[in-house]
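**Q** Chains as they are written, first to last, in my numbering: chain H, 1 to 345; chain Y, 1 to 345; chain A, 1 to 345. Just so it is clear, CB atoms sit at the ideal spot from N, CA and C, and this is done for glycine as well.
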Amino acid sequence: MTDLRLSRTFQTAPAAVPRDNTAKYLDSGLAADGFQQPDWLVPDIEDGTAPDMKDDALENIVERLPEADFAGEVWPRVEWSYDDERVRERGREQIETLVREVGEHVDGVVVPKVGRCEDVARAADVVAEAEAAHGYPEGTVELSVIVETAAAASDLRQIAAFGEESSLHGLVFGPVDYTAEIGGREIDGQGPSYDSLLWNLSNEASANGLVAIGGPFDRLFGERAGVRYYNAEAYADQVTREARIGLDGSWSLHPKQTEQANRLHMPGEDELARDVRRIEEFDEAKSAGTGAVTVDGQMVDEATFKTFANTVDTARAVYRTAPEQAETVYSESLLDRALDLDTEW
Amino acid sequence: MTDLRLSRTFQTAPAAVPRDNTAKYLDSGLAADGFQQPDWLVPDIEDGTAPDMKDDALENIVERLPEADFAGEVWPRVEWSYDDERVRERGREQIETLVREVGEHVDGVVVPKVGRCEDVARAADVVAEAEAAHGYPEGTVELSVIVETAAAASDLRQIAAFGEESSLHGLVFGPVDYTAEIGGREIDGQGPSYDSLLWNLSNEASANGLVAIGGPFDRLFGERAGVRYYNAEAYADQVTREARIGLDGSWSLHPKQTEQANRLHMPGEDELARDVRRIEEFDEAKSAGTGAVTVDGQMVDEATFKTFANTVDTARAVYRTAPEQAETVYSESLLDRALDLDTEW
Amino acid sequence: MTDLRLSRTFQTAPAAVPRDNTAKYLDSGLAADGFQQPDWLVPDIEDGTAPDMKDDALENIVERLPEADFAGEVWPRVEWSYDDERVRERGREQIETLVREVGEHVDGVVVPKVGRCEDVARAADVVAEAEAAHGYPEGTVELSVIVETAAAASDLRQIAAFGEESSLHGLVFGPVDYTAEIGGREIDGQGPSYDSLLWNLSNEASANGLVAIGGPFDRLFGERAGVRYYNAEAYADQVTREARIGLDGSWSLHPKQTEQANRLHMPGEDELARDVRRIEEFDEAKSAGTGAVTVDGQMVDEATFKTFANTVDTARAVYRTAPEQAETVYSESLLDRALDLDTEW
Chain H
1 MTDLRLSRTF QTAPAAVPRD NTAKYLDSGL AADGFQQPDW LVPDIEDGTA
51 PDMKDDALEN IVERLPEADF AGEVWPRVEW SYDDERVRER GREQIETLVR
101 EVGEHVDGVV VPKVGRCEDV ARAADVVAEA EAAHGYPEGT VELSVIVETA
151 AAASDLRQIA AFGEESSLHG LVFGPVDYTA EIGGREIDGQ GPSYDSLLWN
201 LSNEASANGL VAIGGPFDRL FGERAGVRYY NAEAYADQVT REARIGLDGS
251 WSLHPKQTEQ ANRLHMPGED ELARDVRRIE EFDEAKSAGT GAVTVDGQMV
301 DEATFKTFAN TVDTARAVYR TAPEQAETVY SESLLDRALD LDTEW
Chain Y
1 MTDLRLSRTF QTAPAAVPRD NTAKYLDSGL AADGFQQPDW LVPDIEDGTA
51 PDMKDDALEN IVERLPEADF AGEVWPRVEW SYDDERVRER GREQIETLVR
101 EVGEHVDGVV VPKVGRCEDV ARAADVVAEA EAAHGYPEGT VELSVIVETA
151 AAASDLRQIA AFGEESSLHG LVFGPVDYTA EIGGREIDGQ GPSYDSLLWN
201 LSNEASANGL VAIGGPFDRL FGERAGVRYY NAEAYADQVT REARIGLDGS
251 WSLHPKQTEQ ANRLHMPGED ELARDVRRIE EFDEAKSAGT GAVTVDGQMV
301 DEATFKTFAN TVDTARAVYR TAPEQAETVY SESLLDRALD LDTEW
Chain A
1 MTDLRLSRTF QTAPAAVPRD NTAKYLDSGL AADGFQQPDW LVPDIEDGTA
51 PDMKDDALEN IVERLPEADF AGEVWPRVEW SYDDERVRER GREQIETLVR
101 EVGEHVDGVV VPKVGRCEDV ARAADVVAEA EAAHGYPEGT VELSVIVETA
151 AAASDLRQIA AFGEESSLHG LVFGPVDYTA EIGGREIDGQ GPSYDSLLWN
201 LSNEASANGL VAIGGPFDRL FGERAGVRYY NAEAYADQVT REARIGLDGS
251 WSLHPKQTEQ ANRLHMPGED ELARDVRRIE EFDEAKSAGT GAVTVDGQMV
301 DEATFKTFAN TVDTARAVYR TAPEQAETVY SESLLDRALD LDTEW
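1. So residue 72 of chain H is in the alpha helix (DSSP H); what residue range does that whole segment cover?
2. Confirm, please, whether the CB-CB distance from residue 300 of chain A to residue 249 of chain A is below 8 Å.
3. For residue 39 of chain A, does the count of other Cβ atoms within 10 angstroms reach 16, so buried, or fall short, so exposed?
4. Could you compute how far the alpha carbon of residue 159 of chain A sits from the alpha carbon of residue 201 of chain A?
5. Work out the CA separation of residue 153 of chain Y and residue 197 of chain Y for me, nearest whole Å.
6. In chain order, what residues of the same chain lie with their CB nearer than 7 Å to the CB of residue 255 of chain H, ignoring the 5 residues before and after it?
7. Residue 184 of chain A versus chain Y: which residues are under 7 Å apart at the beta carbon?
8. Taking Cβ-Cβ distances shorter than 9 Å, what residues in chain H pair up with residue 196 of chain A?
9. Measuring straight from C-alpha to C-alpha, what distance separates residue 261 of chain A and residue 246 of chain H?
10. Taking the alpha carbon of residue 142 of chain Y as the point to measure from, which residue in Y:46, Y:130, Y:149 and Y:63 has its own alpha carbon closest?
11. List, in chain order, every chain Y residue whose beta-carbon is nearer than 9 Å to that of residue 309 of chain H.
12. Below 8 Å on the Cβ atoms is my contact criterion, and I expect residue 76 of chain H with residue 109 of chain H to pass it. Report the Cβ-Cβ distance as a whole number of Å.
13. Given a threshold of 16 other Cβ atoms within 10 Å of its Cβ, counted over all protein chains shown, does residue 123 of chain Y qualify as buried or as exposed?
14. Work out the CA separation of residue 147 of chain Y and residue 74 of chain Y for me, nearest whole Å.
15. Taking the beta carbon of residue 60 of chain A as the centre, do at least 16 other beta carbons fall within 10 Å, making it buried, or is it exposed?
16. List the residues of chain A that residue 63 of chain Y touches, going by C-beta distances under 9 Å, in chain order.
17. Anything in chain H within Cβ reach of residue 84 of chain Y, meaning under 7 Å, just list it in chain order.
18. Only counting the same chain, and skipping five residues up and downstream in sequence, which positions put a Cβ closer than 6 Å to that of residue 307 of chain A?
19. Have a look at the DSSP bridge pairing and note the partners of residue 10 of chain Y.
20. From which residue to which residue does the alpha helix (DSSP H) around residue 308 of chain Y run?
21. Per DSSP, what kind of secondary structure is residue 144 of chain H in: helix, strand or coil?
22. Could you give the C-beta distance for residue 145 of chain A and residue 114 of chain A, rounded to a whole number, given that I count them as a contact under 8 Å?
23. Kindly identify the DSSP beta-bridge partner or partners of residue 136 of chain A.
24. Checking 8 Å against the spacing of the C-beta atoms, do residue 12 of chain H and residue 44 of chain H come in under that value?
25. Among Y:149, Y:319 and Y:303, whose alpha-carbon lies nearest the alpha-carbon of residue 386 of chain Y?
26. Who are residue 187 of chain A's beta bridge partners in DSSP?
27. Relative to the alpha-carbon of residue 280 of chain A, which residue among A:195, A:224 and A:341 has its alpha-carbon at the smallest distance?
28. Count Cβ pairs between the stretch 88-106 of chain Y and the stretch 51-67 of chain Y that sit closer than 8 Å; are there 3 or more?
29. Roughly how many angstroms lie between the CA atoms of residue 372 of chain A and residue 139 of chain A, to the nearest whole one?
30. Are the C-beta of residue 206 of chain Y and some C-beta of chain A separated by less than 8 Å?
31. Measuring alpha carbon to alpha carbon, tell me which residue in Y:314, Y:121, Y:186 and Y:278 is nearest residue 244 of chain H.
32. Can you have a look at residue 237 of chain Y and say buried or exposed, based on whether 16 or more other CB atoms are within 10 angstroms of its CB?
33. Are any of the Cβ atoms in chain H nearer than 8 Å to that of residue 260 of chain Y?
34. Can you tell which of Y:26, Y:252 and Y:191 has the C-alpha that lies nearest to the C-alpha of residue 218 of chain Y?
35. Run down chain H in chain order and give the residues with a C-beta less than 7 Å from the C-beta of residue 112 of chain Y.
36. Would you mind telling me which residues of chain Y sit closer than 8 Å to residue 157 of chain H, beta carbon to beta carbon, in chain order?
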């Protein structure tokens, strides 16, 4: 069974807020279940946490993670800035603390506002130094970066290539800072469209074995004629566009967004049924030894087979980390067939 | 007269199919006339031919080409894969056989699933070695590659630059494999849009003197309320988008598609009449020696002149290789004027 | 006060036309006021001027600039061509004359039809040599290039990076020549869309501290049922798209276009009021010493602050160079508050 890692949802949660329980959002993220359980929980020490609560944020993460029973991956977001040494120094200390205190409880760190490729390498070095200092093998704590500066967008091809030989694992789009950086504007209620950048992100991630994740959608709620409603349509439209162009996951700011993005980035019952059947037919034909193996009128080669296998492996990974989600979407018999298959070419 | 080569249509034909005449599609491609005559006929040994018929496919090509009276170019597609040495070995043997047996009857070979620039150079070396082994001057058999991996899309600029100094002649888009590679999905009946990639393809081809060709459209037929119909509108829309952004040609899977793409990628009567007249007026003004030469209210410089000349050269190339097509679209008198002009600046 | 330079409008004016006053358009550009005053006036010696009037064009510029009282920047466009040495030689002489005769009256020169990065460097050398020859410190006369060849579009990243260390100041898009270069076509009244290229232009300019300016819109007038009208909607739509994606300015061919683009590339009253208030609130909160500074429910960091400051700096720059424009759009009290603020972080 291929050990596919999921990154359908990248849910940020402020790691400290001015409430009685400063870890309120972190706690609820770690306790989420069903479709509200994100694949990545991102405890946020950066923009989501007030400057005077950064220490609380770090402390909350260090306290909560060892006790938590969370099935997804945990990726704290630290402070960083390609053009501000003081901010980078804080990020360095935050990474050092996280690796020292909870190195075995995090999958990686998310570093925002990186600049050119050298800056990404600098962030990777900080992680590697912390790993070495505290006895972790290199690569234990991975790195994902937020592409939200013109410099990082310009160096995307170099950054992704660096990813192939380093602990860099994911590329995440950050449209808010990015728009400010390039001087983009919202006019008549419409901002810039970043189709080219998202295609680049998807292509470069795929060319270098990284994952690519879309940016946040912050108009969480709408209001019409006095009624306030969750903006379900607009978010689903964004996630759908991201899934079409091959992004592995979407950013979530709210459990409802997590619900939607988890569903949109996993195969539906029909999609899974189709690809399970294709692999079964392929296996039968292969055993029958008929040479050319044709399924649904198409010859199956390694590339085609991989796309079928990818559907099945995704469903199985969902079952492994969030069984309720898989059991909700797939019938029991289909799930059994999917779990039984050999998805290696 | 500029010796412009046409590549309006890239028609693939399976080189062997399980029929009484295994060369059925190859034969009909070679015999096509009128608007169904493609500029490039691409006998397909790769995905269009079953694994157990690869030898028949190669044999059909070797037998048919020397006898055929085909006015367009012939570009067999061989097997290849940037990430599978065994497939590349088969491709190597197919190229060797093609050059040895029918080197003077093919214009080039089409190599699919190339990866980074090094892989394209490797394919070019295979062609060059076969040429050398069988006494052909370098460059006799050219190379076109299908851009259908994330690695090739990432290296597009490098690959195209390599094209300027090598036998690489064309860049062809392959959306099906490409979509699988980047994990793109069709959702609600709509797949990813590749506008950015096509613009890149067109720009890099132009910057390096290569030709750029769009990808196949495989929903050949539709059905509505029980009536099955050829999907003429949807294919024409795709070809129109490709022509607008400057692609030199479109992929065809069927003689009807070839008919449409041949027409859409050639100037219409009005377009040709306009540019013939502009060159005539320019020539007159130049002879009159009035210094500034203004046509249609615009000053004519070398760049402007080239766009007029390109229209005329395309029409003349169509007349040269497919006279019926030219005679169908252009009036006799216009064609005479076009053939008479000097299109050199 | 940050010394922000404006480039909302890039208005070309033929520097010599076959009229009694050959400097008619140059004169009216230099005398324009109110919203018709462009940020950049571009006296055009290239395509806008007939071949036999190039000398008059240069002479008009040399005569008029020293006497003119023009508040914006002046950027003559000279002749150039990456693939024609004779044209480059004329450009070289035009630059030499401009620097020698009116070096202190021009902000820079606009060089069209550049090719790969080496060609841009060659143009920069020509400017530097002229500066050196006539005693101007390096960088006195800056350089902007028109991106209108496939080679320049392919090298955009390298060209922009060169800009960071050179006198290169602006990147301007030239769609007409560019479309001819890549073989783009207008079909059914619709030409190619260059969203990807414009995003690249905006991103690379931002990543390297350059300005980015869109291409001309030449369907100045429309006609419907016998009535001829200024094509206000279509031009405003183009400028709006350019402003959204972060271009700093738009090309203007007519005083009416200048009016529209000047307005669309400056903050409106509401936009300015909002960002003035945000900075005021930020300053108050900072003085109160509450640590985290939250404005409009968002924490303010350096990046956020910069976007507020940019709005205010733009309005102040408009007031500085075109006070009538600022006074038309902003109320007196708002303008006073904007002028009073400290926009440094």
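**A** From the atom records:
1. Walking along the first sequence from the start, residue 72 of chain H turns up at place 72. Looking at the DSSP string, residue 72 of chain H is not in any alpha helix (DSSP H), and its letter there is neither H nor E.
2. As a position in the third sequence, residue 249 of chain A is number 249, starting the count at 1. As a position in the third sequence, residue 300 of chain A is number 300, starting the count at 1. Not in contact: residue 249 of chain A and residue 300 of chain A (Cβ atoms no closer than 8 Å).
3. Here residue 39 of chain A is taken as the residue at index 39 of the third sequence, counted from 1. Residue 39 of chain A comes out buried.
4. Along the third sequence, one-based indexing puts residue 159 of chain A at 159. Along the third sequence, one-based indexing puts residue 201 of chain A at 201. A direct Cα-Cα distance of roughly 11 Å separates residue 159 of chain A from residue 201 of chain A.
5. Against the second sequence, residue 197 of chain Y aligns to sequence position 197. Against the second sequence, residue 153 of chain Y aligns to sequence position 153. One C-alpha to the other measures close to 8 Å.
6. Position 255 of the first sequence, counted from the first residue, corresponds to residue 255 of chain H. 32 and 36, listed in sequence order.
7. Against the third sequence, residue 184 of chain A aligns to sequence position 184. Here the neighbours are 244, 245 and 246.
8. Start at 1 with the first residue of the third sequence, and residue 196 of chain A comes out as number 196. Ordered by position in chain H, the residues that pass the 9 Å Cβ test against residue 196 of chain A are 195, 196 and 199.
9. In the third sequence, residue 261 of chain A corresponds to position 261, counting from 1. In the first sequence, residue 246 of chain H corresponds to position 246, counting from 1. When rounded, the distance between both Cα atoms is 37 Å.
10. The count along the second sequence starts at 1 and reaches residue 142 of chain Y at position 142. For residue 142 of chain Y, the nearest C-alpha among the options comes from Y:130.
11. Sequence index remark: in the first sequence, residue 309 of chain H carries index 309 (1-based). Those within 9 Å of residue 309 of chain H in chain Y number zero; the least Cβ separation is about 11 Å.
12. Along the first sequence, one-based indexing puts residue 76 of chain H at 76. Along the first sequence, one-based indexing puts residue 109 of chain H at 109. With a contact defined as Cβ atoms closer than 8 Å, residue 76 of chain H and residue 109 of chain H qualify at about 6 Å.
13. In the second sequence, residue 123 of chain Y corresponds to position 123, counting from 1. Residue 123 of chain Y is buried by the Cβ-count criterion.
14. Along the second sequence, one-based indexing puts residue 74 of chain Y at 74. Along the second sequence, one-based indexing puts residue 147 of chain Y at 147. Residue 74 of chain Y and residue 147 of chain Y: Cα-Cα distance of roughly 19 Å.
15. In the third sequence, residue 60 of chain A corresponds to position 60, counting from 1. That one is buried.
16. Residue 63 of chain Y sits at position 63 when you count from the first residue of the second sequence. Residues of chain A passing the Cβ test: none, with the nearest at roughly 37 Å.
17. On the second sequence, residue 84 of chain Y is found 84 positions in, with the first residue counted as 1. Listed along chain H are 302, each with a C-beta nearer than 7 Å to that of residue 84 of chain Y.
18. The sequence position of residue 307 of chain A within the third sequence is 307, counting from 1. Closer than 6 Å at Cβ, skipping near neighbours: no residue.
19. In the second sequence, counting from the first residue as 1, residue 10 of chain Y sits at position 10. DSSP lists Y:40 and Y:251 as the beta-bridge partner residues of residue 10 of chain Y.
20. Here the question's residue 308 of chain Y lines up with position 308 in the second sequence. Start and end: 302-321.
21. Counting from 1 along the first sequence, the entry for residue 144 of chain H is found at position 144. DSSP, reduced to helix, strand and coil, places residue 144 of chain H within a strand of the structure shown.
22. Mapped onto the third sequence, residue 145 of chain A falls at position 145. Mapped onto the third sequence, residue 114 of chain A falls at position 114. By a beta-carbon distance limit of 8 Å, residue 145 of chain A contacts residue 114 of chain A. Their separation comes to about 5 Å.
23. Along the third sequence, one-based indexing puts residue 136 of chain A at 136. Residue 136 of chain A is not bridged to any residue.
24. Residue 12 of chain H sits at position 12 when you count from the first residue of the first sequence. Residue 44 of chain H sits at position 44 when you count from the first residue of the first sequence. A contact, by the Cβ cut-off of 8 Å.
25. The shown model of chain Y, from 1 to 345, leaves out residue 386 of chain Y, and the question about it has no answer.
26. Taking the first residue of the third sequence as 1, we reach residue 187 of chain A at position 187. Residue 187 of chain A pairs with A:190.
27. As a working mapping, residue 280 of chain A is identified with position 280 in the third sequence. With distances taken between Cα atoms, residue 280 of chain A lies closest to A:341.
28. Segments in contact, yes.
29. Look at the range of chain A in this structure, 1 to 345, and you will see that residue 372 of chain A is not part of it.
30. As a first step, residue 206 of chain Y is located in the second sequence; it is residue number 206 there, counting from the start. Taking a beta-carbon distance threshold of 8 Å, residue 206 of chain Y counts as an interface residue toward chain A.
31. Position 244 of the first sequence, counted from the first residue, corresponds to residue 244 of chain H. That would be Y:186, whose Cα lies nearest to the Cα of residue 244 of chain H.
32. For this step, residue 237 of chain Y is matched to residue 237 along the second sequence. Burial call: exposed.
33. Taking the first residue of the second sequence as 1, we reach residue 260 of chain Y at position 260. Not an interface residue.
34. For the purposes of this step, residue 218 of chain Y is identified with residue 218 of the second sequence, where counting begins at 1. When C-alpha distances from residue 218 of chain Y are compared across Y:26, Y:252 and Y:191, the shortest belongs to Y:252.
35. As a position in the second sequence, residue 112 of chain Y is number 112, starting the count at 1. Neighbours of residue 112 of chain Y on chain H: none; closest Cβ ~10 Å, over 7 Å.
36. Here residue 157 of chain H refers to the residue found at position 157 of the first sequence. By Cβ distance, chain Y contributes 154.
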